[in-house]
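Trainee: Numbering (our numbering), first residue to last: 152 to 551.
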């Protein structure tokens with residue numbers, strides 16, 4: 152066997168990095184069908200692109216022939232929080248959970264894009280490693296396929312780097328971090344001229360909740376640190392994260408590695424049908440209910456009731472961390488989605504039909520969800536978000 156180069160001995164092995172790049176290139180071909188509908192209107196992907204960048208091709212003439220005079224380009228970047236640390240510790244063989252971090256990373260950017268009404272087009276992935284791990288890269292590839300299909304996007308490329316001095320985690324040889332960059336386009340003339348957001352929201356509009364699959368990608372660190380008693384033992388007793396718990400119904404690792412729901416298909420179909428009646432969309436990520444403040448104009452607040460029978464109640468993992476980490480109910484709603492992963496603000500007259508439509512979409516989804524009336528927009532000079540929690544307690548959330 153040839154002696155490793157000095158650079159490889161220092162922790163940067165180009166051969167292994169090239170193997171991962173090969174996986175990313177294969178993903179491009181595998182995910183091209185997910186954007187086939189865009190090619191029909193003039194948006195395509197060059198067969199031969201640059202080795203240094205990636206993107207898509209726009210046929211302006213074909214766009215015009217399809218009645219599209221302009222579009223708005225949107226982009227965002229995000230990652231799967233500290234789920235990679237839990238992935239490193241996970242001792243199961245469930246392919247979806249092994250690929251969860253890729254699915255979740257895509258979910259974070261895809262769900263952010265659709266809050267503006269943008270259709271995801273491309274995804275690129277950045278992966279940093281303690282040392283290149285091709286087995287984990289293959290697990291990520293499976294997750295990328297699932298995520299890209301749900302997001303209706305093509306993975307056009309990616310990059311990875313060996314950063315052994317910076318990336319460690321609980322098991323260094325499995326240590327990595329990652330993120331995705333997503334580009335999307337708004338084609339709907341109504342949404343271009345009158346963008347989704349606080350400018351469309353008014354008193355009396357209805358807040359429609361879409362249920363989550365669990366913790367999604369926020370508050371993860373508190374959960375796994377609580378599970379392994381990190382404050383006292385560090386990672387010395389980390390294996391307990393894989394033990395099934397009676398009060399949880401599964402292991403903490405399994406609960407955390409439940410993929411985030413990607414709401415792209417149902418929300419885009421809803422916008423296609425009700426683009427005038429959808430006022431704003433909020434992705435409920437870090438800071439919980441405070442995400443909804445982004446869609447409130449001056450003089451408006453929200454009144455939300457999580458105790459209603461049809462509203463999704465918090466998954467067991469939420470109640471588990473609330474109890475084990477001694478978190479107040481108010482902070483839980485500031486840190487977690489508490490069962491509702493996305494909120495759509497809608498015209499009050501159209502809201503009942505929209506909820507029915509969303510519920511029909513939700514049953515066809517790869518990760519089923521439900522839709523329900525969560526509350527309404529109210530006049531409020533203080534812009535408070537008033538919440539009745541799942542257990543009937545009233546809380547008031549002021550702007551931070």
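Don't be surprised by glycine CBs; every beta carbon is placed ideally from N, CA and C.
With a CB to CB cut of under 7 Å and the five nearest residues on each side skipped, what residues in its chain are close to residue 481?
Mentor: Once the five neighbours on either side are set aside, the close Cβ partners of residue 481 are 546.
Trainee: Under the rule that 16 or more other beta-carbon atoms within 10 Å means buried, what is residue 225, buried or exposed?
Mentor: Classification of residue 225: buried, given that the 10 Å Cβ count is 16 or more.
Trainee: Measure from the alpha carbon of residue 215 to the alpha carbon of each residue in 193, 262, 263, 339, then state which is nearest.
Mentor: Looking at the Cα atoms, 193 is the closest of the given residues.
Trainee: So, using beta-carbon positions, are residue 336 and residue 421 closer together than 9 Å?
Mentor: No. Outside cutoff.
Trainee: Roughly how many angstroms separate the alpha carbons of residue 174 and residue 285, rounded to a whole number?
Mentor: One C-alpha to the other measures close to 9 Å.
Trainee: Would you mind giving the Cβ-Cβ distance between residue 360 and residue 453, rounded to the nearest angstrom? I have them listed as a contact below 8 Å.
Mentor: That pair is no contact at about 12 Å.
Trainee: Confirm, please, whether the CB-CB distance from residue 339 to residue 423 is below 9 Å.
Mentor: Yes; because the gap between Cβ atoms is below 9 Å, this pair is in contact.
Trainee: Could you check how far apart the C-beta atoms of residue 326 and residue 281 are, in whole angstroms? I think they sit under 8 Å.
Mentor: Sure, about 4 Å apart at Cβ, within 8 Å.
Trainee: For the candidate residues 437, 184, 392, 544, whose alpha-carbon lies nearest to that of residue 195?
Mentor: When only C-alpha atoms are compared, the closest one is 184.
Trainee: What's the gap between the Cα of residue 384 and the Cα of residue 431?
Mentor: C-alpha separation (whole angstroms): 45 Å.
Trainee: Would you mind sorting residue 203 into buried or exposed? The rule is 16 or more other CB atoms within 10 Å of its CB.
Mentor: With fewer than 16 other Cβ atoms within 10 Å, it is exposed.
Trainee: List the DSSP bridge partners of residue 226.
Mentor: Bridge partners of residue 226: 334.
Trainee: Just the Cα atoms here: how many angstroms apart are residue 347 and residue 198?
Mentor: Their backbone Cα atoms lie some 34 Å apart in a straight line.
Trainee: Give the C-beta separation of residue 365 and residue 436 to the nearest angstrom, bearing in mind that I take them to be a contact with Cβ-Cβ under 8 Å.
Mentor: In fact, because the Cβ distance is near 13 Å, the residues do not count as touching under 8 Å.
Trainee: Does the CB of residue 532 have a neighbour CB from chain C at under 9 Å?
Mentor: Structure shown: chain C not included; a single protein chain is present.
Trainee: Any contact between the segment 297–307 and the segment 261–274? By contact I mean 3 or more CB pairs, one from each, below 8 Å.
Mentor: At 8 Å Cβ cutoff, the stretches touch.
Trainee: Between which two residues does the beta strand (DSSP E) harbouring residue 311 extend?
Mentor: It spans 305–313 - the beta strand (DSSP E) in which residue 311 sits, taken as one unbroken run.
Trainee: If you draw a straight line from the alpha carbon of residue 212 to that of residue 219, how long is it in whole angstroms?
Mentor: Residue 212 and residue 219: Cα-Cα distance of roughly 9 Å.
Trainee: Going by beta-carbon coordinates alone, are residue 329 and residue 418 separated by less than 9 Å?
Mentor: Cβ atoms of residue 329 and residue 418: not closer than 9 Å.
Trainee: Residue 388 to residue 378, Cα distance in whole Å?
Mentor: Roughly 9 Å separates the two Cα atoms.
Trainee: In three-state terms, what does DSSP make of residue 484?
Mentor: If DSSP states are grouped into helix, strand and coil, residue 484 belongs with the helices.
Trainee: So within the segment 236–304, which uninterrupted beta strand (DSSP E) runs reach at least 3 residues, ignoring any that extend past its ends?
Mentor: Counting whole runs of 3 or more residues, the segment 236–304 contains the beta strand (DSSP E) stretches 270–280.
Trainee: How far does the alpha helix (DSSP H) with residue 174 in it reach, from first residue to last?
Mentor: It spans 165–182 - the alpha helix (DSSP H) in which residue 174 sits, taken as one unbroken run.
Trainee: What's the gap between the Cα of residue 191 and the Cα of residue 261?
Mentor: Each residue's alpha carbon lies about 22 Å from the other.
Trainee: Take residue 333 as the anchor and find which of 290, 205, 374 has the nearest alpha-carbon.
Mentor: Answer by Cα proximity: 205.
Trainee: Going by C-alpha distance, which of 413, 349, 478 is nearest residue 300?
Mentor: Of 413, 349, 478, the residue nearest in Cα terms is 413.
Trainee: Span of the beta strand (DSSP E) holding residue 392?
Mentor: It is not in any beta strand (DSSP E) - residue 392 carries neither H nor E in the DSSP assignment.
Trainee: Please say whether residue 253 and residue 291 have beta carbons closer to each other than 9 Å?
Mentor: Yes, the pair counts as a contact, with Cβ atoms nearer than the cut-off.
Trainee: Considering only residues of the same chain and omitting the five flanking positions on each side of residue 259, which have a CB-CB separation below 6 Å?
Mentor: Cβ within range, chain order: 229, 368.
Trainee: From what residue to what residue does the alpha helix (DSSP H) around residue 381 run?
Mentor: Counting along the chain, the alpha helix (DSSP H) containing residue 381 begins and ends at 381–384.
Trainee: Under three-state DSSP, which class holds residue 377?
Mentor: Helix at residue 377.
Trainee: Let me confirm a value: residue 500 is counted as buried when at least 16 other C-beta atoms fall within 10 Å, else exposed. Which label applies?
Mentor: Its Cβ having fewer than 16 others within 10 Å, residue 500 is exposed.
Trainee: Ends of the alpha helix (DSSP H) at residue 212?
Mentor: Residues 211–216.
Trainee: If I measure Cβ to Cβ from residue 402 and keep anything under 7 Å in the same chain, skipping five residues before and after, which residues do I get?
Mentor: Excluding positions up to five away in sequence, the list reads 392, 393, 394, 395, 396.
Trainee: Check whether the Cβ atoms of residue 331 and residue 257 sit closer than 9 Å, and answer yes or no.
Mentor: Contact: yes.
Trainee: Roughly how far, in whole angstroms, is the beta-carbon of residue 317 from the beta-carbon of residue 181, given that I think they are within contact range, below 8 Å?
Mentor: Not a contact, Cβ separation roughly 30 Å.
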